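Residue numbers (my numbering): 15 to 346.
Below is one structure, written out as structure tokens; comments come after it.
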Ligand SMILES: NC(=O)c1ccc[n+]([C@@H]2O[C@H](COP(=O)([O-])OP(=O)(O)OC[C@H]3O[C@@H](n4cnc5c(N)ncnc54)[C@H](O)[C@@H]3O)[C@@H](O)[C@H]2O)c1
């Protein structure tokens with residue numbers, strides 16, 4: 015079946031991994047990437063798509079209703095896969111307003127335009143990409159399932175929770191064919207240097223101090239970005255209307271374990287000229303305000319209903335990630 019899919023935020027980390035994967039796998043789909051190119055968007059990460067005849071880039075803001083409406087009309091948009099967001103928790107603590115605008119009002123603008131053309135249609139899908147952070151924080155036991163109550167703790171996660179609720183409401187009220195996926199922390203090539211894993215890699219190879227919040231014992235459940243793209247593919251095509259699917263890699267690690275792992279790999283792949291170990295650069299800094307202690311995803315629903323399984327374990331995924339940054343810095 016032919017489709018004209020509006021992908022929002024495709025120049026960001028996950029979108030720029032997803033678009034080449036999707037364009038190549040589905041040559042009969044036209045992918046229209048709407049991205050505002052904030053500091054987090056980078057078209058260099060989509061260079062491989064420039065030669066693809068089923069890819070179009072549009073510079074613009076998802077909050078701009080006139081533009082979004084024109085795109086729906088001109089490109090006869092059949093489906094939406096919505097990645098665009100302000101995504102960095104630290105920034106949401108400093109400047110929450112833009113998170114409310116993009117994540118809530120932007121999602122609302124897309125839903126309104128989608129509703130106009132695709133109310134009560136089973137054929138046309140709105141896939142909203144969200145985060146496990148909407149569930150709040152865990153103690154040492156347990157994991158987030160699709161039934162876990164929402165309890166967001168940061169302005170970022172609150173704005174994502176708001177956008178999830180709007181998507182859910184447009185399904186219940188207007189009958190749009192919506193699905194929501196809530197994933198754990200992604201890692202892999204093309205991620206912005208502000209996030210934990212690129213920070214550790216980039217600081218280490220620049221021989222700068224590697225900052226770790228608090229005691230370094232906060233736990234995240236790491237998901238390799240291409241495994242995430244494969245999950246989105248399955249949910250977009252086969253997920254049940256109005257349902258939520260949690261996506262996680264079953265790879266729980268403390269931030270400190272991640273830092274030591276990366277340093278050990280760099281010691282082997284790109285030893286320091288001084289002969290010192292990279293781990294000597296690790297330094298503890300004042301903790302993030304309201305820092306959630308632990309996230310862990312129960313991905314049973316996705317694994318059983320849609321037969322998804324992560325292909326990458328953390329040991330293999332982190333090596334690919336480090337190699338990508340070393341290559342980018344022309345160090346291999
Ligand atoms: N990265 C993760 O670990 C992670 C985990 C869970 C959920 N998510 C969710 O996945 C989605 C993608 O995350 P990411 O890491 O790729 O984010 P990112 O910050 O790397 O990219 C976001 C992209 O959205 C674009 N954008 C921002 N505001 C926009 C606007 N108003 N209009 C149009 N484009 C705009 C940016 O230019 C950028 O290209 C987000 O919705 C995020 O909440 C990410």
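Ideal placement from N, C-alpha and C gives every residue a C-beta, glycine not left out.
Everything numeric in this text was worked out from a predicted model, so none of it was measured.
(1) Could you please give the first and the last residue of the uninterrupted beta strand (DSSP E) stretch that includes residue 151?
(2) Ligand 1 and residue 57: does any heavy atom of the ligand fall closer than 6 angstroms to the residue's C-beta?
(3) Could you tell me whether the stretch 112-131 touches the stretch 269-288, using the rule of 3 or more Cβ pairs below 8 angstroms?
(4) Please determine, among 240, 342, 307 and 218, the residue with the shortest C-alpha to C-alpha distance to residue 293.
(5) Which word fits residue 336, buried or exposed, when buried means at least 16 other C-beta atoms lie within 10 angstroms of its C-beta?
(6) Would you tell me roughly how many angstroms separate the C-alpha atoms of residue 89 and residue 42, rounded to the nearest one?
(7) Bridge partners for residue 266 per DSSP, in chain order?
(8) By DSSP, does residue 51 sit in helix, in strand, or in coil?
(9) Ignoring anything shorter than 3 residues or poking outside the stretch 104-173, list the beta strand (DSSP E) runs there in chain order.
(10) Work out the CA separation of residue 132 and residue 24 for me, nearest whole Å.
(11) Per DSSP, what kind of secondary structure is residue 284 in: helix, strand or coil?
(12) Residues bridged to residue 195 by DSSP?
(13) Relative to the alpha-carbon of residue 275, which residue among 210, 239 and 120 has its alpha-carbon at the smallest distance?
Answer, in terms of the structure:
(1) Position 137 of the chain shown, counting from 1, holds the residue named residue 151. Taken as a continuous stretch (DSSP letters only), residue 151 belongs to no beta strand (DSSP E), as it is neither H nor E.
(2) On the chain shown, residue 57 is found 43 positions in, with the first residue counted as 1. No, since every heavy atom of ligand 1 falls outside the 6 angstroms radius drawn around the Cβ of residue 57.
(3) No contact exists between the stretch 112-131 and the stretch 269-288.
(4) As a working note, residue 293 is residue 279 in the chain shown. Comparing alpha carbon positions, the residue from 240, 342, 307 and 218 closest to residue 293 is 218.
(5) One-based indexing of the chain shown puts residue 336 at position 322. Counting every other CB atom within 10 Å of its CB across the protein chains shown gives residue 336 a total of 16 or more, marking it as buried.
(6) What you label residue 89 is simply residue 75 of the chain shown in a count that begins at 1. What you label residue 42 is simply residue 28 of the chain shown in a count that begins at 1. Rounded to whole angstroms, the gap between the alpha carbons of residue 89 and residue 42 is 14 angstroms.
(7) Mapped onto the chain shown, residue 266 falls at position 252. DSSP, once it has assigned bridges, lists 235 as partnering residue 266.
(8) By 1-based counting over the chain shown, the position of residue 51 is 37. If DSSP states are grouped into helix, strand and coil, residue 51 belongs with coil.
(9) Whole beta strand (DSSP E) segments, 3+ residues: 139-145.
(10) Locating residue 24 in the chain shown gives position 10, where the first residue counts as 1. Locating residue 132 in the chain shown gives position 118, where the first residue counts as 1. The straight-line gap separating the alpha-carbon atoms of residue 24 and residue 132 is approximately 22 angstroms.
(11) Against the chain shown, residue 284 aligns to sequence position 270. Here residue 284 sits in coil by DSSP.
(12) Looking up residue 195 in the chain shown gives position 181. Partner residues in the beta bridge of residue 195, as assigned by DSSP, are 143 and 259.
(13) The residue you call residue 275 lines up with position 261 of the chain shown. Among 210, 239 and 120, the Cα nearest to that of residue 275 is on 210.
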